[in-house]
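These notes are about the structure you will find just below.
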Amino acid sequence: MGISSMGSEGEVTKAGAQTDRTVAMARALGITASLGARFACLFADHEHDAYLHPARGGRWQYRCPAAPRSYGLAEVLANLAYGRAKTRSRVELARCHERLRYLAGLLLPRPTPELPASLSPTARRVGEGFRLLAGLRDEQWGDDPFTFAREFVMAYCDVTNEQARRGVEGLERAGLMIGAGWNGRARLWRRGWSEVRG
Ligand SMILES: [Zn+2]
Numbered sequence: 000m001g002i003s004s005m006g007s008e009g010e011v012t013k014a015g016a017q018t019d020r021t022v023a024m025a026r027a028l029g030i031t032a033s034l035g036a037r038f039a040c041l042f043a044d045h046e047h048d049a050y051l052h053p054a055r056g057g058r059w060q061y062r063c064p065a066a067p068r069s070y071g072l073a074e075v076l077a078n079l080a081y082g083r084a085k086t087r088s089r090v091e092l093a094r095c096h097e098r099l100r101y102l103a104g105l106l107l108p109r110p111t112p113e114l115p116a117s118l119s120p121t122a123r124r125v126g127e128g129f130r131l132l133a134g135l136r137d138e139q140w141g142d143d144p145f146t147f148a149r150e151f152v153m154a155y156c157d158v159t160n161e162q163a164r165r166g167v168e169g170l171e172r173a174g175l176m177i178g179a180g181w182n183g184r185a186r187l188w189r190r191g192w193s194e195v196r197g
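Numbering of the sequence shown is given in numbering that gives the first Met the number 0, commencing with residue 0 and proceeding in unit increments.
Here's what the structure looks like:
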């Protein structure tokens, strides 16, 4: 019995909704086992079982026996996309969390314009990622510039280093990404379109 089941009906419903969201996000990662049950670890060449366990705040975390600590579900998505575990910045994790919620059907991107037909296949691929990122990004940030760093592009758009470089160049040339200065060594960007009201 969880504490929530002793609280008001509203609290029970809230806990239930949290569980539903966790199940949806786990499914999006490819985990079909029920919450808490063991499944084959998702990380490449890991030949053992992993499991999800509840953590602080009612969120569930991923436990791989080879990892030094449990991972949040967005972090699992990041580790799978990058092909390795690494500590990610809060900003990066926020983007991965939005993407996971999108994959789980819990978050819809705001409408963004179609990409121009003139883009190269590489620029198109990176452009689709950039569009999704901009469309999913929390509205609270408005038109604040954001980073779209090479390694992140490679993971988010599933492209090589060279494709990421050429893709970003193509999008900048097409006016879809607009340079907005630097944050340390990271280039900052704005989307090159105004928000489409849907
Ligand atoms: Zn593992």
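Here a beta-carbon is modelled for each residue, glycine too, at the ideal position from N, C-alpha and C.
It should be emphasised that the depicted structure is a prediction, and the values quoted were computed from it without experimental measurement.
Whether residue i touches residue j by CB criterion (8 Å)
| i | j | result |
| --- | --- | --- |
| M175 | W192 | For the record, residue 175 in the displayed sequence is Leu; it is not Met. Yes, these two residues count as a Cβ contact at 8 Å. |
| V158 | T121 | yes |
| A80 | A27 | no |
| R186 | C156 | no |
| G128 | P108 | no |
| R164 | A179 | no |
| D44 | R37 | no |
| L118 | R130 | no |
| G57 | A14 | yes |
| R149 | N160 | yes |
Neighbourhood of residue i by C-beta distance below 8 Å, restricted to the same chain and skipping five residues each side
| i | result |
| --- | --- |
| R87 | E74, A77 and C95 |
| L34 | T18, T21, V22, A25, L51 and W59 |
| R136 | R94, E97 and F145 |
| W181 | L187 |
| L106 | E97, R100 and L135 |
Near ligand 1: residue i beta-carbon under 7 Å from a heavy atom
| i | result |
| --- | --- |
| A163 | no |
| F42 | yes |
| P67 | no |
| P64 | yes |
| H52 | no |
| A49 | yes |
| H45 | yes |
Where the alpha helix (DSSP H) containing residue i begins and where it ends
| i | result |
| --- | --- |
| A49 | Not the alpha helix (DSSP H): A49 falls in the beta strand (DSSP E), residues D48 to P53. |
| G82 | Run containing G82: none; DSSP gives neither H nor E here. |
| A163 | N160 to R172 |
| C156 | R149 to C156 |
| H96 | R89 to L102 |
Host beta strand (DSSP E) of residue i (start-end)
| i | result |
| --- | --- |
| Q60 | W59 to R62 |
| A133 | Where A133 is concerned, there is no enclosing beta strand (DSSP E), although the alpha helix (DSSP H) it sits in stretches over P120 to L135. |
| R186 | A185 to R190 |
| A179 | M176 to N182 |
Close beta carbons around residue i, own chain, < 7 Å, minus the five adjacent residues each side
| i | result |
| --- | --- |
| R89 | none |
| A54 | Q60 and S69 |
| D142 | R189 |
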